[in-house]
Amino acid sequence: MSVITSAPRWSVVLVGAALVVGGVVAGVPAAAVQDPGVPSVSVVPRELSCHLTRVGTQLVRCDNLTGLGNPAAPWVPES
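Position in the sequence shown counted from 1, then plus 61, gives you my numbering.
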């Protein structure tokens with residue numbers, strides 16, 4: 062009988078602990094900081110940069126298809 066009566070007590074304790082932990086975590090403010098190992102500006106040489114073009118109806122950049130298969134707009138230059 063003691064196992065049956067102690068189960069609700071443990072569930073109350075566990076629920077209470079979860080509420081306390083949730084309240085503490087929700088009260089902690091988040092802060093964003095920049096990683097010092099990563100430069101803030103990436104420099105790409107001009108000869109390595111690729112312009113957006115289209116082949117037929119597909120968008121292409123640096124020989125990679127892009128645009129998730131959506132048809133390219135007619136104002137994008139065709140290569």
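C-beta atoms are modelled at their ideal positions from N, C-alpha and C, and glycine is treated no differently.
Residue i, DSSP secondary structure in three states
i, result
"Leu113", "coil"
"Val121", "strand"
"Leu126", "strand"
Assigned exposure category for residue i - 16 Cβ within 10 Å defines buried
i, result
"Arg70", "exposed"
"Ala133", "buried"
Which listed residue (the options) has its alpha carbon closest to that of residue i
i, options, result
"Asn131", "Leu120, Asp124 and Glu139", "Leu120"
Supposed contact pair residue j and residue i - C-beta distance, whole angstroms, cut 8 Å
i, j, result
"Val137", "Arg122", "Rounded, the Cβ-Cβ distance is 10 Å, inconsistent with contact."
Heavy atom of the ligand FMN within 7 Å of residue i beta-carbon
i, result
"Ala78", "The ligand FMN is absent from the structure shown, which contains no ligand whatsoever."
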